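Numbering-wise (my numbering), the sequence shown opens with residue 2 and increments by one. Think of the CB as a built atom: it goes at the ideal place given N, C-alpha and C, for glycine as much as any other residue. For clarity, every value in this text was computed on a predicted model and none was experimentally measured.
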Amino acid sequence: MKIIISILLLTISSATHAQQIFEKIFFNQHGTACAAEDSDGHFLISFPEDTTIMKCDSNLNPIWTKAYDFSTYVFEILDDGKLACGGYKSVNNFPTPYLAILDSIGDSLVANLPYGPINYSNKVTQLKINSRGKLFFASKTTYSSSYSSYNLYVMDTAGTGFQVNLYTNGGNNFHFNFIDPNKMVVASDLIWSGIINVDAFDSSFNHFWNSTIVDTMGNPHVFGAGVVLPNTSNGSIILGARYDWYSGLFTLSQSGTAWPTWPVIFLADQAKYTDAIEVRQGGSICIGTEVSGSGFAARIDSSLNILWYVTFNGINGVDPFFVKECSDGGFIISGSTKDFWGNIFPWITKVDRFGTTTSIAEPKSTVDFDVTYQNQSIIVRQSTGDKIIVYDLIGKIISKIENVAHTTYIPFENDGIYIVSIYKGSNLVGSKKLFVPERK
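In structure tokens:
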């Protein structure tokens, strides 16, 4: 069994809303993470590249870690505590779409739904549950860098009496959601033709309507799972889409008409959307990645007003993948971050219902200086300050050096992300973020 090594950034916000928030990076794992909170306030985290699922307490202390013969990319915690897992399983050396139901302690396989392998990358990428407890999931087949197709399936939580109905699209991006208990909307794009297809089905996959949306200014792209949302204020459909150099949230009528020329809400230039969910208090939360590489989360009310917008940087950018609402009204967001050498690590964070995050602000430097990490030392080269302080991301002082030279070596063995600040007397003159890699 692997020992999971990570950094944990933990703080408690003000007493007015008393939400626990954190950020965590798993440095001895690679790839992405998928996380959610169960009814006991514990967190379940899957590591698909490692084929493991971990259960933690509210402080992220591991309760158990279990390995499986399949990878879980998405999951849902069912009302009875069981875990519905979607991902893939290797069959005859080919990745095969796989859906499994585990008991509440992750030991017993209650039900599973494997499919025969084909000679392409093929895995479950999205999983939804309708009001009748049916599991609907999408598997992605990647044929090339510019061509993918998706299949939709349905089964009950016992793995029996399921029916398979195929919906295949030649586009590169795809998502689906229920806009009422009996109506599913599927959106996909054809990357080479600048078209978004939107289709509506009932829960038995009977087709209601199709709407084809063409933008003459550039190729529209619809990103990720769950960015089709019901707009409870007027019954319309909300889509998150990127149009070449701009992106935003759009509305579409229940009959598939009335597509506006411009987004109802602009979020970030060239942002891609990876997940969105309805919120118990009304409205929704959308997550994705800005063109800068920073992750973002946007809280939207039922009238499509932006309540708050926050960004995440991790080590060197974040790809948020999965968002779930917690019992206290906050949100746990999971995905991956990468270092400066391109290595990808699982990443999770929790924000409170007001969008508060853990990271202290990184002040802009008024002077230029150089900071690196080498041979278990932080090396600072500067010519202005007389004091150097190293902080963690919640503002705790980790190291303080006074009467510094132009080149200062600070012995340092803790991995993680830190803020290195230079002072002249009591005045801050420069501050930079530093990533310290895990020792091999």
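Practice problem: Taking T275 as part of the beta strand (DSSP E), name the residues at either end of that continuous run. | Solution: Locating residue 275 in the sequence shown gives position 274, counting from the first residue. Counting along the chain, the beta strand (DSSP E) containing T275 begins and ends at 273-279.
Quiz prompt | Where P438 falls: helix, strand or coil (DSSP) | solution = Counting from 1 along the sequence shown, the entry for residue 438 is found at position 437. Of the three classes helix, strand and coil, the one that applies to P438 here is coil, per DSSP.
Quiz item: Is D371 helix, strand or coil by DSSP?
Solution: Here residue 371 refers to the residue found at position 370 of the sequence shown. Three-state result, D371: strand.
Quiz item: Since D292 is in the beta strand (DSSP E), which residue starts that stretch and which ends it?
Solution: The residue you call residue 292 lines up with position 291 of the sequence shown. The amino acid at residue 292 is misidentified as Asp; the sequence shows Val. That residue, V292, is in no beta strand (DSSP E); it is neither H nor E in DSSP.
Exercise. Helix, strand or coil for E50, going by three-state DSSP, please let me know.
Key: Residue numbering aside, residue 50 sits at position 49 when the sequence shown is read from its first letter. In this structure, E50 counts as helix in the three-state DSSP scheme.
Quiz item: Can we say the region 380-394 touches the region 411-426, given the rule of at least three CB pairs closer than 8 Å?
Solution: yes
Quiz item: Short check: CB of S285 to CB of E279, under 7 Å?
Solution: Within the sequence shown, the letter at position 284 stands for residue 285. Within the sequence shown, the letter at position 278 stands for residue 279. It is a contact, given that the beta carbons lie within the stated cut-off.
Self-check item: Cβ shell of Y310 (< 6 Å), same chain only, five flanking positions each side left out
Solution: Position 309 of the sequence shown, counted from the first residue, corresponds to residue 310. If we look at Y310 and ignore the five residues flanking it on each side, its Cβ neighbours are A299.
Practice problem: Between the Cα of N131 and those of I54, I26, P321, S205, spot the shortest distance and give me the residue it belongs to. | Solution: Position 130 of the sequence shown, counting from 1, holds the residue named residue 131. Nearest C-alpha to N131: S205.
Practice problem: Could you check the C-alpha separation between N306 and G331 for me, to the nearest Å? | Solution: Residue 306 sits at position 305 when you count from the first residue of the sequence shown. Residue 331 sits at position 330 when you count from the first residue of the sequence shown. The straight-line gap from Cα to Cα measures roughly 19 Å.
Exercise. Look at V368 and T338 and say whether their C-beta atoms are less than 7 Å apart.
Key: In the sequence shown, the residue the question calls residue 368 occupies position 367. In the sequence shown, the residue the question calls residue 338 occupies position 337. No. Outside cutoff.
Quiz item: My guess is that T33 and P438 are in contact by the Cβ rule of under 8 Å, so how many angstroms apart are they, rounded?
Solution: Translated into the one-based positions of the sequence shown, residue 33 becomes position 32. Translated into the one-based positions of the sequence shown, residue 438 becomes position 437. Their Cβ separation, rounded to whole angstroms, is 19 Å, which puts T33 and P438 out of contact at 8 Å.
Quiz item: Is Q375 near the ligand GDP, in the sense that its beta carbon is under 6 Å from a heavy atom of that ligand?
Solution: Questions concerning the ligand GDP fall outside what the structure shown contains, since it holds no ligand whatsoever.
Self-check item: L128 vs L103 beta-carbon contact at 7 Å
Solution: The residue given as residue 128 occupies position 127 in the sequence shown. The residue given as residue 103 occupies position 102 in the sequence shown. No; because the gap between Cβ atoms is not below 7 Å, this pair is not in contact.
Quiz item: Can you tell me whether DSSP reads E414 as helix, strand or coil?
Solution: One-based indexing of the sequence shown puts residue 414 at position 413. Note: E414 maps to coil in three-state DSSP.
Quiz item: Three-state secondary structure (DSSP) at P98?
Solution: If you number the sequence shown from 1, residue 98 lands on position 97. P98: strand per DSSP, three-state reduction.
Self-check item: Own chain partners of Y419 with C-beta closer than 7 Å, once the 5 adjacent residues on each side are dropped
Solution: Position 418 of the sequence shown, counting from 1, holds the residue named residue 419. Hits under 7 Å: V391, Y392, D393, I399, L435, V437.
Quiz item: Which of the three DSSP states, helix, strand or coil, is assigned to H222?
Solution: Taking the sequence shown and counting its residues from 1, the one referred to as residue 222 is at position 221. At H222 the pLDDT is 48, less than 50, meaning the model places this residue with poor confidence; the figure from the coordinates comes in the next sentence. Here H222 sits in strand by DSSP.
Quiz item: Using the C-alpha atoms, what's the distance from G241 back to G219?
Solution: Locating residue 219 in the sequence shown gives position 218, counting from the first residue. Locating residue 241 in the sequence shown gives position 240, counting from the first residue. For G219, the pLDDT reaches just 48, beneath the cut-off of 50, and the residue's location in the model is therefore unreliable, although a value from the coordinates is still provided. Computed Cα separation, rounded: 16 Å.
Self-check item: Residue burial classification, T126 (beta-carbon count within 10 angstroms, cutoff 16)
Solution: Here residue 126 refers to the residue found at position 125 of the sequence shown. By the 10 Å Cβ count, T126 comes out buried.
Quiz item: Nearest-angstrom Cα distance between G294 and N317?
Solution: Here residue 294 is taken as the residue at index 293 of the sequence shown, counted from 1. Here residue 317 is taken as the residue at index 316 of the sequence shown, counted from 1. Looking at the two C-alpha atoms, the distance is approximately 8 Å.
Quiz item: The beta strand (DSSP E) spanning I389 covers which residue range?
Solution: Reading the sequence shown from its first residue, position 388 is the one you call residue 389. 388-392 is the extent of the beta strand (DSSP E) around I389.
Quiz item: Looking only at DSSP bridge pairs, what is A198 linked to?
Solution: Position 197 of the sequence shown, counted from the start, is the residue given in the question as residue 198. Strictly speaking, residue 198 in this sequence is Asn, with Ala absent from that position. Looking at the DSSP assignment, N198 forms a beta bridge with S189, T213.
Quiz prompt | Selected residue, minimal CA-CA separation from F355, among I46, Q282, I349, G431 | solution = Along the sequence shown, one-based indexing puts residue 355 at 354. Measuring from the Cα of F355, the nearest candidate turns out to be Q282.
Quiz item: Excluding five sequence neighbours on each side, which residues of the same chain lie with their C-beta closer than 7 Å to the C-beta of Y410?
Solution: Stepping through the sequence shown from its first residue, residue 410 is reached at position 409. For Y410, where only same-chain residues beyond five positions count, the Cβ hits under 7 Å are S378, I380.
Quiz item: Could you give the residue range of the beta strand (DSSP E) that holds V319?
Solution: Locating residue 319 in the sequence shown gives position 318, counting from the first residue. Per DSSP, V319 belongs to the beta strand (DSSP E) from 319-326.
Quiz item: Considering only residues of the same chain and omitting the five flanking positions on each side of T217, which have a CB-CB separation below 7 Å?
Solution: Here residue 217 refers to the residue found at position 216 when the sequence shown is read from its first residue. Low per-residue confidence applies at T217: pLDDT is 49, beneath 50, and the placement is therefore not dependable, though the value from the model is reported in the following sentence. Here the set comprises nothing.
Quiz item: Looking at the structure shown, is N123 part of a helix, part of a strand, or coil, going by DSSP?
Solution: Residue mapping note: residue 123 aligns to position 122 of the sequence shown, counting from 1. Strand, per DSSP.
Quiz prompt | Cβ-Cβ distance between V186 and I106 below 7 Å | solution = Translated into the one-based positions of the sequence shown, residue 186 becomes position 185. Translated into the one-based positions of the sequence shown, residue 106 becomes position 105. Cβ distance not < 7 Å, so V186 and I106 don't count as in contact.
Self-check item: Reduced DSSP category for W342 - H, G, I as helix; E, B as strand; rest coil
Solution: Reading the sequence shown from its first residue, position 341 is the one you call residue 342. If DSSP states are grouped into helix, strand and coil, W342 belongs with coil.
Quiz item: How many angstroms separate the CA atom of V223 from the CA atom of T66?
Solution: For the purposes of this step, residue 223 is taken as residue 222 along the sequence shown, with counting starting at 1. For the purposes of this step, residue 66 is taken as residue 65 along the sequence shown, with counting starting at 1. Residue placement at V223 cannot be trusted, given a pLDDT of 47 that sits under 50; what the coordinates show is reported in the next sentence. Distance between the alpha carbons of V223 and T66: 35 Å.
Exercise. Look at the Cβ atom of G82, then the Cβ atom of S59, and state whether they are nearer than 7 Å.
Key: Residue numbering aside, residue 82 sits at position 81 when the sequence shown is read from its first letter. Residue numbering aside, residue 59 sits at position 58 when the sequence shown is read from its first letter. Not in contact: G82 and S59 (Cβ atoms no closer than 7 Å).
Practice problem: Between the Cα of S304 and those of T408, T252, F175, spot the shortest distance and give me the residue it belongs to. | Solution: Mapped onto the sequence shown, residue 304 falls at position 303. Out of T408, T252, F175, T252 has the C-alpha closest to the C-alpha of S304.
Quiz item: Buried or exposed: which applies to T373, given that a residue is buried once 16 or more other Cβ atoms fall within 10 Å of its Cβ?
Solution: By one-based count along the sequence shown, residue 373 stands at place 372. The residue in question, T373, is exposed, as its Cβ has fewer than 16 Cβ neighbours within 10 Å.
Quiz item: When you compare only the Cα positions, how much space is there between R133 and F179?
Solution: Indexing the sequence shown from 1 puts residue 133 at position 132. Indexing the sequence shown from 1 puts residue 179 at position 178. Their backbone Cα atoms lie some 12 Å apart in a straight line.
Quiz item: Looking at the unbroken beta strand (DSSP E) that takes in D1, where does it start and where does it end?
Solution: One cannot answer for residue 1 here, as it falls past the ends of the chain, which runs 2 to 441.
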